[in-house]
Amino acid sequence: MDLDKLQQNWDQLGREDPMWAILADPTQHGNKWDREAFFATGREHVCEILAELEAAAASPEPGRALDFGCGVGRLTQALAATFAEVDGVDIAPSMIEQANGFNPDPARIRFHLNGRPDLALFGDATFDFLLSLIVLQHIENRYKAGYLREFVRVLRPGGVAVFTVPSHPAWTARGVIYRLVPNALLNLWRKRQYGYEGVMELHGMPRAEVESAVRAAGGELVRVVDEPLLGTDWRSYRYTVRKP
Ligand SMILES: C[S@@+](CC[C@H](N)C(=O)[O-])C[C@H]1O[C@@H](n2cnc3c(N)ncnc32)[C@H](O)[C@@H]1O
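Residues 129 to 372 in this note's numbering are what the sequence shown lists, from first letter to last.
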């Protein structure tokens, strides 16, 4: 799926059932997420990640943070408890519209629509911290490598990025389906299963390829851990990267 199509899909999902499209808990399908409970999950995720960084002696400076693939601002808002300024970027106009509607502090939290395969809207060395949770899995690998390069470019020296990427399908029943069935066919099944027009394609990138893309961009791998957020049908990792 090219970026235009990806944008159309996420815009659609953002109009149909935004919080479920972000955190696909089946019990919350059909716009059932309670807004406060939904944003509380963002605070929990950000707290957990910042605590892990502290334990690994890799805490970023509390200056400026970027949330790549911010959706309606679940993590962006939570980052503002620690960072002086936070920017959220998303490909879907509907997500950005709602993120702005929920924004509790527009003086420090800004949302940007970006349909480009890069982060040209930000200069080099702009951010102390970059977070991208459950986003890159939806993007084809031909774009993923470019975004990884951009993540390192926009970090300040000493800045830290944390992002999640599935590597390859696990040996579960669904994992086998993901290995054998092309996305074009899976998308028909996804449409029926969700009951929505928008679909969420999944694309794994092998861990070795992610690591080599990060190194080629000039980033240093601080740690790579298993990522449970992406479910059991994929072998997934959470990467912590520092810009020297
Ligand atoms: C599963 S949601 C996760 C949202 C947010 N990271 C969170 O955890 O609350 C994935 C988000 O990534 C956005 N997205 C997908 N492809 C993107 C791209 N190429 N650039 C920016 N955002 C993108 C989608 O519009 C959607 O809002």
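Each residue gets a CB set at the ideal place from its N, CA and C atoms; glycine is no exception.
Every value quoted in this text rests on a predicted model; they were computed, and no experiment measured them.
Legend entry - Counterpart residues of ILE237 in DSSP-defined beta bridges: Within the sequence shown, residue 237 is the residue found at index 109, counting from 1. Paired residues: VAL214.
Inset, instruction - Could you pull out every residue in the same chain whose Cβ sits closer than 6 Å to the Cβ of ARG318, ignoring the five residues on either side in sequence? - result: In the sequence shown, the residue the question calls residue 318 occupies position 190. Result list for ARG318: VAL327, in chain order.
Legend entry - ligand 1 heavy atom lying under 7 Å from the CB of ASP162: Position 34 of the sequence shown, counting from 1, holds the residue named residue 162. Between ligand 1 and ASP162, a heavy atom-to-CB distance of less than 7 Å is absent.
Inset, instruction - Can you check DSSP and say which residues form a bridge with TRP362? - result: The residue you call residue 362 lines up with position 234 of the sequence shown. Residue pairing for TRP362: DSSP places it in a beta bridge opposite PRO297.
Legend entry - Check: LEU131 C-beta below 7 Å from any heavy atom of ligand 1: For this step, residue 131 is matched to residue 3 along the sequence shown. For ligand 1, at least one heavy atom lies less than 7 Å from the Cβ of LEU131.
Inset, instruction - Just the C-alpha distance for SER260 and THR204, rounded to the nearest angstrom, thanks. - result: Here residue 260 corresponds to residue number 132 of the sequence shown, with the count starting at 1. Here residue 204 corresponds to residue number 76 of the sequence shown, with the count starting at 1. Roughly 10 Å separates the two Cα atoms.
Inset, instruction - To the nearest angstrom, report how far apart ASP215 and GLU182 are at their CA atoms. - result: Here the question's residue 215 lines up with position 87 in the sequence shown. Here the question's residue 182 lines up with position 54 in the sequence shown. Here the C-alpha atom of ASP215 lies approximately 22 Å from the C-alpha atom of GLU182.
Inset, instruction - For MET223, verify whether its CB is less than 7 Å away from any heavy atom of ligand 1. - result: Within the sequence shown, residue 223 is the residue found at index 95, counting from 1. The answer is yes for MET223.
Legend entry - Spatially closest choice to ALA289 from ALA345, GLN140, ILE267 and GLY243, by CA coordinates: Position 161 of the sequence shown holds residue 289. When ALA345, GLN140, ILE267 and GLY243 are compared, the shortest CA-CA separation from ALA289 is found for ALA345.
Legend entry - At least three beta-carbon pairs within less than 8 Å, the stretch 131-143 to the stretch 229-247: Cβ pair count under 8 Å is three or more, so yes.
Legend entry - Limits of the alpha helix (DSSP H) - the one that GLU182 falls within: The sequence position of residue 182 within the sequence shown is 54, counting from 1. From DSSP, the alpha helix (DSSP H) with GLU182 extends over 163-183.
Inset, instruction - Within its chain, find whatever has a CB closer than 6 Å to the CB of ALA341; leave out the 5 residues flanking it on each side and keep chain order. - result: What you label residue 341 is simply residue 213 of the sequence shown in a count that begins at 1. The residues are ALA273 and LEU276.
Legend entry - Any non-hydrogen atom of ligand 3 closer than 7 Å to ASP218 Cβ: Absent from the structure shown: ligand 3. Ligands present: ligand 1.
Legend entry - Spatial distance of PHE239 from GLN226 (CA atoms): Counting from 1 along the sequence shown, the entry for residue 239 is found at position 111. Counting from 1 along the sequence shown, the entry for residue 226 is found at position 98. So the two alpha carbons sit approximately 10 Å from each other.
Legend entry - Within 8 Å, strictly: CB atoms of SER364 and PRO297: For the purposes of this step, residue 364 is taken as the residue at position 236 of the sequence shown. For the purposes of this step, residue 297 is taken as the residue at position 169 of the sequence shown. Taking 8 Å as the Cβ cut-off, SER364 and PRO297 do not qualify as a contacting pair.
Inset, instruction - Hey, could you find the ends of the beta strand (DSSP E) ALA193 is sitting in? - result: Here the question's residue 193 lines up with position 65 in the sequence shown. For ALA193, the uninterrupted beta strand (DSSP E) segment begins and ends at 192-196.
Legend entry - ASP218 versus GLY323 - alpha carbon distance: Position 90 of the sequence shown, counted from the start, is the residue given in the question as residue 218. Position 195 of the sequence shown, counted from the start, is the residue given in the question as residue 323. Cα to Cα, the separation comes out at about 23 Å.
Inset, instruction - Output the residue ranges of the alpha helix (DSSP H) runs that lie fully inside the stretch 276-326 and measure 4 residues or longer, sorted by chain position. - result: Scanning the stretch 276-326 from its first residue to its last, the whole alpha helix (DSSP H) runs of 4-plus residues come out as 301-308 and 311-322.
Inset, instruction - Indicate whether the contact test is met: 3 or more Cβ pairs, each with one atom in the stretch 228-238 and one in the stretch 172-181, closer than 8 Å. - result: Using a C-beta cut-off of 8 Å, the stretch 228-238 makes no contact with the stretch 172-181, since fewer than three inter-stretch Cβ pairs fall below that distance.
Legend entry - Check whether THR292 and GLU355 have beta carbons under 8 Å apart: Stepping through the sequence shown from its first residue, residue 292 is reached at position 164. Stepping through the sequence shown from its first residue, residue 355 is reached at position 227. In this structure, GLU355 lies closer than 8 Å to THR292 by Cβ.
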